[in-house]
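Letter 300 of the sequence shown, counting from 1, is numbered 502 in the working numbering, and no numbers are missing. Cβ atoms here follow ideal geometry from the backbone N, Cα and C, with glycine treated the same way. A short worksheet on the structure shown next.
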Amino acid sequence: MNRFIVVDFETTGSHPRQGDSIIQIGAVTIDDGHITESFSTLINPGQAIPPFIKQLTGITDEMVADAPTMEEVLPRFLRMLEGRAFVAHNASFDLQFLQEALLSQGYYTFDGYVLDTVELSRFLLPMQGSYRLGELADDLHIEHDRPHQADSDALATAQLFLHLLDIINELPLVTIQRLQMLVSSFRSDISELLRFFEMKKWGSMDQLDTLGRDADGMSDPDDSEKWDVYRQLALRKKPERLRASLKREESPGVPATSSFEDMIEQMIGEEAAFSRNLAGYQRREAQESMMRAIFDSMEKGSHLLVEAGTGTGKSLAYLLPAILWSKQRREPVVISTNTIQLQEQLFHKEIPALQQSLPFSFRASTLKGRGNYLCLRKFEQSLEESMEGSSQELRLVKGQMVTWLTQTETGDVEELSMPSTGQLYWQQVKSDTDSCLHRNCPWFSRCYYFQARERAAEADVLIVNHALLVSDLQAEKRILPAHDITIIDEAHHLESVATHHLGKQFSTAQLLFLLERANPEEGSYLHRFAEQLLAWPGNEKAAAVNSVRASMNEHFLRLKEKAQQLTQLLYQWAADRGEETSDTGRDTVRYQTLSFSGKHERIRKTARRVIESMSIYASDLESLLSSMPSGEKPSFELQSLHTDAAGLLKEWQEGMEMVHFFLLEPDDEYVCWMEIESRTPKKQVYFHAAPLQVATRLAEPLFDERRSVILTSATLTVKDSFSYILERMGLDRLPEERVRTLQLPSPFCYEKQGLLLIPSDLPTLGKESEQQYLEAVIQGCVDAIRAAGGRTMILFTSYSMLRVVYQGLKEQLDNEPYTLLGHGIDSNNRTKLVRMFQRETNSVLLGTSSFWEGVDIQGEALSCLVIVRLPFTPPNHPIYQARAEQVKEQGKNAFMSIALPQAVIQFKQGVGRLIRHQDDRGVVVVLDTRIVESRYGRSFLKSLPPFDTRTGPWTTLREDIAPFLRGMQSLSDS
203 MNRFIVVDFE
213 TTGSHPRQGD
223 SIIQIGAVTI
233 DDGHITESFS
243 TLINPGQAIP
253 PFIKQLTGIT
263 DEMVADAPTM
273 EEVLPRFLRM
283 LEGRAFVAHN
293 ASFDLQFLQE
303 ALLSQGYYTF
313 DGYVLDTVEL
323 SRFLLPMQGS
333 YRLGELADDL
343 HIEHDRPHQA
353 DSDALATAQL
363 FLHLLDIINE
373 LPLVTIQRLQ
383 MLVSSFRSDI
393 SELLRFFEMK
403 KWGSMDQLDT
413 LGRDADGMSD
423 PDDSEKWDVY
433 RQLALRKKPE
443 RLRASLKREE
453 SPGVPATSSF
463 EDMIEQMIGE
473 EAAFSRNLAG
483 YQRREAQESM
493 MRAIFDSMEK
503 GSHLLVEAGT
513 GTGKSLAYLL
523 PAILWSKQRR
533 EPVVISTNTI
543 QLQEQLFHKE
553 IPALQQSLPF
563 SFRASTLKGR
573 GNYLCLRKFE
583 QSLEESMEGS
593 SQELRLVKGQ
603 MVTWLTQTET
613 GDVEELSMPS
623 TGQLYWQQVK
633 SDTDSCLHRN
643 CPWFSRCYYF
653 QARERAAEAD
663 VLIVNHALLV
673 SDLQAEKRIL
683 PAHDITIIDE
693 AHHLESVATH
703 HLGKQFSTAQ
713 LLFLLERANP
723 EEGSYLHRFA
733 EQLLAWPGNE
743 KAAAVNSVRA
753 SMNEHFLRLK
763 EKAQQLTQLL
773 YQWAADRGEE
783 TSDTGRDTVR
793 YQTLSFSGKH
803 ERIRKTARRV
813 IESMSIYASD
823 LESLLSSMPS
833 GEKPSFELQS
843 LHTDAAGLLK
853 EWQEGMEMVH
863 FFLLEPDDEY
873 VCWMEIESRT
883 PKKQVYFHAA
893 PLQVATRLAE
903 PLFDERRSVI
913 LTSATLTVKD
923 SFSYILERMG
933 LDRLPEERVR
943 TLQLPSPFCY
953 EKQGLLLIPS
963 DLPTLGKESE
973 QQYLEAVIQG
983 CVDAIRAAGG
993 RTMILFTSYS
1003 MLRVVYQGLK
1013 EQLDNEPYTL
1023 LGHGIDSNNR
1033 TKLVRMFQRE
1043 TNSVLLGTSS
1053 FWEGVDIQGE
1063 ALSCLVIVRL
1073 PFTPPNHPIY
1083 QARAEQVKEQ
1093 GKNAFMSIAL
1103 PQAVIQFKQG
1113 VGRLIRHQDD
1123 RGVVVVLDTR
1133 IVESRYGRSF
1143 LKSLPPFDTR
1153 TGPWTTLRED
1163 IAPFLRGMQS
1173 LSDS
């Protein structure tokens, strides 16, 4: 298979059997790995082109009026198609139009090989964030200047396909063979393509055997320099590292007697390497003040809170003191971030630049929770399971991971781009303590988790996330290396992460998945475990094994029925009472065990029956585990199955405890609630429990026992005061001399770079009808979008309002050149949406809470930011509700103590999305009149940078947007 035709069709719609037709063909032929011919033409479809298609493709009725018909074009296209495999991006779409066109013109349908580059990309590029053609082209540096034009799309797809062929050609033989086994039942012909490359590699091996292994230009298909092939899996070979002592030796470039001032000047002075290795680096007074304050706090053993405005360069401001302290004192510093994006940015961007710039070497590493790493033993075992009856999605996930092993150095799940099936499958193959064989595992020397732990132990600077930091505190500091200095970036999130991590989570989906893993049916690993026990020579416990198997088979189906019945009862109960309290798209209901009294007592009775049945099944599982043969050492396979079954038993017991905790005896120290997805077919229930008090659980292990903890963020103050964050963290209980604060302004000139518009005449929700309010919001957004020429992000506090406004914008802007991108509508992936927003001109991005921070869009791509509502936590949100009740009992005002400070910090984060660089310029529009009408509105305004702020009638204010943004363009032109 080495002759291909890569095709793209632009069409009038998606349904050829309902009359939609092709309006443009793009085709590129590839022979023996080279593009040999290209062809494109417009086609007269004999019907009007819908407005949406005109907007999408730029193809109009006038352009196709004199174009040839399909009847005239097909002969040439069929000559190109003859003898070639059909390749397209989303091949089923293009193929259905081709088949319909062939039938309509009296030809036979195409019956050759079909390859889909989306499917291939998912297999071969498992770390790709998106599989849309535009994103793939961007990431692979493929020229694609006219998306949704068939000739450009076909050429870009051809270049992508050639890249994918190169990847297959580079894969080791064992990987290709593994992939073949997984794709054998796919609708497309990937298996034929893989078989072609397998035969090619076997041919290379035959030639090597004939000519000798060192024949010029020949390479071993399983090149030992590239791949570590072990137990029929190929892993990316890691560069040999010199084994270094764990003892940190002081580098000659960091004399212990040097003052910090001298070292700073040496590091960042005008002649220093910083200016050469850090793109756009320039000395900033605020940044250097932050460096000095951090180092001083480390030396004096005090805690420090630093609010550093956007543009301060806080990452470098804490990294440099951390590295210098670590090298001087020969002890590690731990840096914690909330988001993976910042963790990756620090490790892959900031750290390498510092390693190039500093006159001494240092080691840095990242570490995540154990469940983020792949267990190679479990994965190998899962590949040996029968694939009969497995879904195509599960086969795809396994295939992705087989390829991923040839690309990853870390085994970190965050690298993978998996469908939802993959999230469940990951639970089966992730590393965990309960099923670990440690040094008895044949994969131990290659174990991703233990390698990460080893790197962490050797690091001068260790970068973790807040979740792992809190886990370490919970585990009495047994996870992270011993350290005295902790730097917490994005510190305003620490309380919410601790609330989640110190709480409990469970779901009916987890319960049913746990049951599925414990299925004793033929093909399951429990069945294989029992079979291995029976096959062990001379096992005197064979009769007991058979008895246990019979009991498990008898109880399992009844248990599954009871679990499904419990799921249905819980879902119906929650659906009758749930209401939207967050932007997760789920309905929420707070509850206590008393909630299930009276006619709902059936829920508690069913939960007890589930626990009783699970307890019986656990006893059977324990009996099976105790049936291991004594005497001779069992085989690795039997030992491996025993370990997994023991791990399953522990998970099973934890599942029983969770059902008991959430439905029978919740702890009074927690607030409990359920969530359901009422707008999807998933009828699952998600349980949550959060501790009411976090400060006391953080204060002792983190602040009392550490020499110095640095907390930093762009948003720690409310009205220039740190009081709120000090109280929430429990820092207000420490002696004053142990806690210092520092507030550093942004270096940006907000008076000139930013315009803040607050309409005074919009309807107020609650005073006017909801319909009037929504119509005014939609019109305000339309006006802002038109004035800014797109380039607008709209921030919401709820999905329901986002959906309504999205639909209203779509109706009003239908024939205008704006691309709407709605979170939860066009994609759930934030990174993907942001990239689409940056790439598409005149685009409009609608987002909820995750878009209020962590989104960094510099330049003109984001010129206007619309904030629809002040970001108050809904008063009926379970955590807020419970904590508010507690605060009221203490005689305090819950709104002023909790709701307002949280909203102000979130608001500051949202506004901070706009001005990200000293050359940026933009407009913020706040459509919530409470910011000027209410007394508490001043808290929001006083917490913002000094924007040029204007209030008044919206019809007047909207006229200021375009002239202000034109000022930005004239500045960039000058």
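query	result
Bridge partner(s) assigned by DSSP for Q945	E509
Contact belief for V812 with K764 at Cβ below 8 Å, rounded distance in angstroms	5 Å
Proximity of E321 and A293 at Cβ, strictly below 9 Å	yes
Buried versus exposed call for T267 [16 or more other C-beta atoms within 10 Å across all chains shown]	According to the sequence displayed, residue 267 carries Ala and not Thr. With fewer than 16 Cβ atoms within 10 Å of its Cβ, A267 is classed as exposed.
DSSP state of S673 mapped onto helix, strand, coil	helix
Opening and closing residue of the alpha helix (DSSP H) in which C983 lies	972–990
Per DSSP, cross-strand counterpart(s) of N667	T539
Nearest to Q301 (by Cα), restricted to the options N371, D347, S223	S223
Segment contact, 8 Å Cβ cut-off, at least three pairs: the segment 715–727 with the segment 940–949	no
Beta-carbon gap between Q895 and E867 smaller than 9 Å	no
Whole-angstrom distance between N642 and T710, CA atom to CA atom	35 Å
L1129 in three-state terms, based on DSSP	coil
Chain-order list of residues whose beta-carbon lies under 8 Å from that of F864 (same chain, five-residue window excluded)	K706, F708, C874, F889, A891
Environment of F562 [buried if 16+ CB atoms lie within 10 Å]	exposed
Between the CA atoms of M500 and A360 - distance to the nearest angstrom	56 Å
CB of F1039 within 9 Å of CB of A1063, strictly	yes
Candidates A669, L576, V1089, R281: closest to V604 by CA position	L576
A744 in three-state terms, based on DSSP	helix
W606 - DSSP class collapsed to helix/strand/coil	helix
Alpha-carbon to alpha-carbon, L357 and V208	8 Å
Own chain residues within Cβ distance below 6 Å of G221, not counting five before or after	none
For T319 and F363, believed in contact at Cβ under 8 Å, the rounded distance	6 Å
Runs of alpha helix (DSSP H) wholly within the segment 876–952 (minimum 4 residues, chain order)	897–900, 925–931
DSSP three-state assignment for R648, whether helix, strand or coil	helix
Cβ-Cβ separation, L933 to H550 (assumed contact under 8 Å), whole Å	With a Cβ gap of about 32 Å, H550 and L933 do not count as contacting.
K885 vs Y773 beta-carbon contact at 9 Å	yes
Selected residue, minimal CA-CA separation from H757, among E733, D789, P722, G740	P722
E533 beta carbon less than 9 Å from that of R494	no
Contact under 9 Å by Cβ, A986 with V791	no
Cβ-Cβ distance between D391 and Y310 below 9 Å	no
Other residues of its chain near E877: CB distance less than 6 Å, five sequence neighbours each side excluded	R788, T790, Y888
The beta strand (DSSP E) enclosing V812, as first and last residue numbers	Run containing V812: none in the beta strand (DSSP E); it sits in the alpha helix (DSSP H), 803–827.
Sequence-distant residues of its chain with Cβ nearer than 6 Å to G573 (five each side left out)	K632
Cβ-Cβ distance between H1025 and L1035 below 9 Å	yes
Cβ neighbours of L851 in the same chain (closer than 7 Å, five flanking residues each side left out)	A820, L823, E824, L827
Cutoff 7 Å; reference S948; Cβ partners in own chain excluding five residues on either side	G511, T512, G513, T514, P1147
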